[in-house]
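Peer 1: Have a look at the structure that comes next, please.
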Amino acid sequence: MRITQQGKPPLLRRVMRLREKVHEFFDFLPPQEGRFAFEPGAREAFLEEHRASYDGLIAALKALESEIAALPSKPEELLVIARRAAELRGDTAFLFESNEKNYVYWLDRRGKGVFVVATPIDVSSILREHLFDAFDTVVMTSATLAVSGRFDFLKQRLGLQVAREMVLSHEFDYARQALLYIPAGLPDVRDPAFVPKAAEEISRLLRFTQGRAFCLFTSYAQMNQIFELVRPRVQFPLLLQGTAPRMALLERFRTTPGAVLFATSSFWQGVDVPGEQLS
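My numbering numbers the first residue of the sequence shown as 1 and each following residue consecutively.
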């Protein structure tokens, strides 16, 4: 959002007020890096504790919309901002006030960015309305759609009632080219002892493989914690998601002998690193 000093002074005041209220409210969110689900009742408790700040944020968004609507002439840029403010007001209300049971609510803090997210648990009706019923033909393909050669689980989760199915043989020789190793004795992932034990196990495996590995996580917090514990234990070049753009990290990994990449999120899928770097 960018409005210059040449704009209407009341409008500038609304923008500055909104900026203050955004920072005030979001500064109350937990400061820890990583991804955290709101436990049952946690959103309600947070909102009750910070109701005045929340109401101030909603009011500031509404005031910006009203200020733009009252202008005698409105360029398209301001109309876009007004629509965006209305969307943000609705989204914020949904995230903190909705009682919708088909959603899980969570917080994701990455560096200076903080994201409050509502994710639907059952996506079948959404996909049916916006994808399957909207097109004559939908083709879904992936290396991991089938379970034991069947699509039953995926069809149930996606709400697919009728579909033509095809399972193709793969070219990868798992027996000769892959090894599945499950470490014994690791604590539960929620146990405070998990992070140091996992760091110890990862360090041992990296020494065995001479680096050349992806260490993939589902938690930003654990990724950062384990990275800091592993770093002094091994001599290989370590790369960490968030310290550089995704493509830059991938290129450094591909071109750095013995490199190890600690990552999550987008690195779980769609990454191709041929050659010795992951061998």
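Glycine included, every Cβ here is placed at the ideal spot set by N, Cα and C.
At the level of alpha carbons, what is the spacing between D152 and L47?
Peer 2: 41 Å
Peer 1: Identify whether L95 lies in helix, strand or coil by the three-state DSSP scheme.
Peer 2: helix
Peer 1: Can you tell which of S279, E49, A259, L11 has the C-alpha that lies nearest to the C-alpha of L29?
Peer 2: E49
Peer 1: Compute the Euclidean distance between the alpha carbons of R204 and E33, then round it to the nearest angstrom.
Peer 2: 26 Å
Peer 1: Quick check: the Cα distance between P187 and L61, rounded to an integer number of angstroms?
Peer 2: Take the alpha-carbon of P187 and the one of L61: they are about 46 Å apart.
Peer 1: Between which residues of its own chain and R17 is the CB-CB distance below 6 Å, once the five residues before and five after are set aside?
Peer 2: A60
Peer 1: Below 7 Å between beta carbons: does that hold for V195 and I226?
Peer 2: I226 is positioned such that its CB atom lies closer than 7 Å to that of V195.
Peer 1: Could you check what DSSP says for F46 in three-state terms: helix, strand or coil?
Peer 2: helix
Peer 1: Output needed for K155: all residues of its chain with C-beta closer than 6 Å, excluding positions within five of it in sequence on either side, in chain order.
Peer 2: none
Peer 1: What first and last residue would you give for the beta strand (DSSP E) that runs through A244?
Peer 2: In the DSSP assignment, A244 falls outside any beta strand (DSSP E) and carries neither an H nor an E.
Peer 1: How many angstroms separate the CA atom of R198 from the CA atom of D191?
Peer 2: It should be noted that the sequence gives Ala, not Arg, for residue 198. Using only the alpha carbons, I get a separation of about 11 Å.
Peer 1: Tell me, please, which residues DSSP counts as bridged to T264.
Peer 2: F217
Peer 1: Could you check where the beta strand (DSSP E) with A118 kicks off and where it finishes?
Peer 2: 113-120
Peer 1: For the alpha helix (DSSP H) containing L160, name the first residue and the last one.
Peer 2: In this chain, L160 is not harboured by any alpha helix (DSSP H), its DSSP state being neither H nor E.
Peer 1: Please state whether DSSP places R150 in a helix, a strand or coil.
Peer 2: strand
Peer 1: Please classify V260: is it buried, with 16 or more other beta-carbons within 10 angstroms of its beta-carbon, or exposed?
Peer 2: It counts as buried.
Peer 1: Suppose you measure from the CA of W268 to the CA of V22; what does that come to, to the nearest Å?
Peer 2: 32 Å
Peer 1: Measuring alpha carbon to alpha carbon, tell me which of T255, I202, F96, S142 ends up nearest I182.
Peer 2: I202
Peer 1: Buried or exposed: which applies to G242, given that a residue is buried once 16 or more other Cβ atoms fall within 10 Å of its Cβ?
Peer 2: So G242 counts as buried.
Peer 1: Helix, strand or coil: which one does DSSP assign to D108?
Peer 2: strand
Peer 1: Between the segment 124-131 and the segment 81-100, are three or more C-beta pairs nearer than 8 Å?
Peer 2: no
Peer 1: If you compare alpha carbons, which of L64, L216, R150 is closest to V15?
Peer 2: L64
Peer 1: Under the rule that 16 or more other beta-carbon atoms within 10 Å means buried, what is F38, buried or exposed?
Peer 2: buried
Peer 1: Give, in chain order, every unbroken run of the beta strand (DSSP E) that is at least 3 residues long and sits entirely within the segment 25-83.
Peer 2: DSSP runs (the beta strand (DSSP E)) wholly in the segment 25-83: 34-37.
Peer 1: Just checking my contact of F253 with L239 at CB under 8 Å: how many whole Å lie between their CB atoms?
Peer 2: About 6 Å; that satisfies the 8 Å criterion.
Peer 1: Quick check: the Cα distance between G41 and R89, rounded to an integer number of angstroms?
Peer 2: 22 Å
Peer 1: Between E20 and the rest of its own chain, which residues show a CB-CB distance below 7 Å, the 5 nearest in sequence each way excluded?
Peer 2: none
Peer 1: For Q210 and G258, I'd like the C-alpha separation in whole angstroms.
Peer 2: 6 Å
Peer 1: Three-state secondary structure (DSSP) at Y181?
Peer 2: coil
Peer 1: Assuming V116 and L127 are in contact, meaning their beta carbons sit under 8 Å apart, how far apart are those beta carbons, in whole angstroms?
Peer 2: Going by Cβ atoms, the distance from V116 to L127 rounds to 24 Å, so no, they are not a contact pair.
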